[in-house]
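> Please see the structure below; I have some questions.
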Amino acid sequence: MAKHLDEQVATFRNRPLDQGPYTFVWVDALTQSVREGGRSINVHALIAVGVNADGHREILGIDVATSEDGAVWLAFLRSLTARGLSGVQLVVSDAHAGLVTAIGATCPARP
């Protein structure tokens with residue numbers, strides 16, 4: 001059963017983002033404590049939600065990372081643009097410095 005679920009999750013996480021443009025995007029992370037190798041560690045669940053061309057909210061991406069630094073955010077946002085994220089005019093997020101830099105690199109401001 002877990003193998004079947006893993007396939008469905010992989011399909012969802014790698015699907016093309018073809019309902020754009022995604023004018024408004026929200027990004028955030030939720031820190032959770034998990035057990036790994038007999039000890040407790042913190043992981044960060046990254047999520048991006050966008051408003052698609054039909055005006056509906058859509059989960060664009062979800063990922064789990066061991067840190068919430070700029071490199072992790074940059075890789076996450078680049079994966080979204082590679083799958084078709086486009087037309088972003090406004091990104092709503094906290095002011096995490098690495099996240100702000102990653103947003104600027106992947107969703108440049110429009111003139």
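Residue 1 is where the sequence shown starts when you use our numbering, and the numbers rise one by one after that.
Each residue gets a CB set at the ideal place from its N, CA and C atoms; glycine is no exception.
Nothing here was measured: the structure is a model prediction, and the numbers come from that model.
(1) Alpha carbon to alpha carbon, how far is residue 40 from residue 34? Give it in angstroms, no decimals.
(2) Do three or more CB pairs link the region 86-99 to the region 19-26 at distances below 8 Å?
(3) What three-state label does DSSP hand residue 79 in the structure shown?
(4) So, with DSSP's three-state summary, where would you put residue 69?
(5) Quick check on DSSP: helix, strand or coil for residue 53?
(6) Can you list, in chain order, the residues of its chain with a C-beta nearer than 6 Å to that of residue 30? Leave out the 5 residues immediately preceding and following it.
(7) Quick check on the DSSP output: the beta strand (DSSP E) that includes residue 27 runs from which residue to which?
(8) Roughly how many whole angstroms lie between the Cα atoms of residue 19 and residue 3?
(9) Report yes if the CB atom of residue 17 is closer than 8 Å to the CB atom of residue 99, and no otherwise.
(10) Just confirm the distance between the C-beta atoms of residue 83 and residue 106, as a whole number of angstroms; I'd bet it's less than 8 Å.
Judging by the given coordinates:
(1) 5 Å
(2) yes
(3) helix
(4) coil
(5) coil
(6) 45
(7) 24-36
(8) 28 Å
(9) no
(10) Their Cβ separation, rounded to whole angstroms, is 12 Å, which puts residue 83 and residue 106 out of contact at 8 Å.
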